[in-house]
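Engineer: According to the numbering used here, the sequence shown is numbered sequentially starting from 1216.
This is the structure I have questions about; it appears just below.
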Amino acid sequence: MIESPPTKALLRAIPDSYADALGQVPGAPPIDVARARAQHAAYAAALSALGLEVTVLPADEALPDCCFIEDTAVIAAGHALLTRPGAVSRRAEVDAVAAALDGAVTLQRTRVPALIDGGDVLRVAHTIYVGLSARTNGVSVGAVQEAFWPRGFIVRSVPVPFGTLHLKCHASSPVPGLVVVAEGSPLDGAFGPELRAVRVPRAEAYAANTVGVGETVLVAAGYPETAARLRAEGLEVVTLDMSELARADGSLTCLSLLY
Ligand code: CIR
């Protein structure tokens, strides 16, 4: 299977209701929505500067978490599996994304009783890992298999440790052939010698979630060792402030669908 690299990024704007997004730590200071929007805009600008055609869908006030668009679809080889997000309050996010993707990729819906958040799906070369988490159930593994096995992918399931939201909180694959893995994560040591693995120190685990475009990797700001290890692999590193997105359990991959 020969696949061209992504040329487009689909993002979704941040509603005022983002102040009530899921995943906030009780007692933590309130989210600064204006600052979150500035961070989101910097993310969009970074993708655009790297040559992607960026489209930002309008926010929906009824959907506080809608900016975390990654959870609504899994896209590979020109095909999108539209998800059924694990959180009930997020299920309606999918429709606007489906409409935006229609025509650009083929579409398939996830059927009941499968539940899946895109943040639990990590593609590494021709293997797709599905993290079993509080949001993604075992039935979804069959759904991912049905969608992507005919397109040349092997699908494997992997447990997501209790207390963490998604598989991609632990690992990402920003560049073909390279994985970024948090030390001690369920995927630490799971990859074969054909892949380059950059291990992220435990104290920097949040930085294991990265986005790559060509030989450039977006990394959350404030994780110098991870940035240094990626540079040592010959990659360009762009750091982005994620403070207000992290407050609702968001990280870099969550904010876009690349295709
Ligand atoms: C949620 O709890 O669903 C959102 N507040 C955060 C989703 C983050 N998405 C991702 O990591 N793919």
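We put the beta carbon where it would ideally sit given N, CA and C, even for glycine.
Taking Cβ to Cβ, would you say residue 1398 is nearer than 7 Å to residue 1417?
Structural biologist: yes
Engineer: Relative to the C-alpha of residue 1238, which candidate in 1378, 1275, 1359, 1426 has its C-alpha closest?
Structural biologist: The candidate whose alpha carbon is nearest that of residue 1238 is 1378.
Engineer: Could you name each continuous beta strand (DSSP E) segment of 3 residues or more that falls completely within the stretch 1398 to 1455, going from the start of the chain to the end?
Structural biologist: Whole beta strand (DSSP E) segments, 3+ residues: 1411 to 1415, 1426 to 1428, 1431 to 1435, 1451 to 1455.
Engineer: Return helix, strand or coil for residue 1472, following the three-state DSSP convention.
Structural biologist: DSSP places residue 1472 in strand when its eight states are reduced to three.
Engineer: Entirely within the stretch 1221 to 1264 and at least 4 residues each: give me those alpha helix (DSSP H) ranges in chain order.
Structural biologist: 1248 to 1264
Engineer: Excluding the five sequence neighbours on either side, which residues of its own chain have a C-beta within less than 8 Å of the C-beta of residue 1371, listed in chain order?
Structural biologist: Cβ neighbours of residue 1371 beyond the five flanking positions: 1342, 1343, 1344, 1345.
Engineer: Could you tell me which residues DSSP puts in a beta bridge with residue 1323?
Structural biologist: 1296
Engineer: Looking at the unbroken alpha helix (DSSP H) that takes in residue 1459, where does it start and where does it end?
Structural biologist: Per DSSP, residue 1459 is one residue of the alpha helix (DSSP H) stretching across 1458 to 1461.
Engineer: Just the Cα atoms here: how many angstroms apart are residue 1473 and residue 1426?
Structural biologist: 10 Å
Engineer: How about residue 1422 and residue 1434: do their beta carbons lie closer than 7 Å?
Structural biologist: yes
Engineer: Note down the Cα distance separating residue 1282 from residue 1303, rounded to an integer number of angstroms.
Structural biologist: Their Cα atoms are separated by approximately 16 Å.
Engineer: Near residue 1462, what residues of its chain come up, given a Cβ to Cβ distance below 7 Å and the 5 sequence neighbours on each side ignored?
Structural biologist: Cβ within range, chain order: 1239, 1243, 1246.
Engineer: So, at 6 Å on beta carbons, what are the nonlocal neighbours of residue 1328 in its own chain, with the 5 sequence-adjacent residues on each side left out?
Structural biologist: 1354
Engineer: Here's the rule I'm using: 16 or more other beta-carbon atoms within 10 Å means buried, otherwise exposed. How should residue 1335 be labelled?
Structural biologist: buried
Engineer: Got a sec, what are the start and stop residues for the alpha helix (DSSP H) residue 1347 sits in?
Structural biologist: Per DSSP, residue 1347 belongs to no alpha helix (DSSP H); it is in the beta strand (DSSP E), 1342 to 1347.
Engineer: How would you label residue 1280, buried or exposed, when you count the other beta carbons within 10 angstroms and need 16 or more for buried?
Structural biologist: By the neighbour-count criterion, in which 16 or more other beta carbons inside 10 Å mark a residue as buried, residue 1280 falls on the buried side.
Engineer: In angstroms with no decimal places, state the Cα-to-Cα distance between residue 1286 and residue 1469.
Structural biologist: Distance between the alpha carbons of residue 1286 and residue 1469: 7 Å.
Engineer: Residues bridged to residue 1279 by DSSP?
Structural biologist: Answer is none; residue 1279 lacks a bridge partner.
Engineer: If residue 1362 sits next to residue 1323, beta carbons under 8 Å apart, how far is it from one beta carbon to the other, in whole angstroms?
Structural biologist: 5 Å
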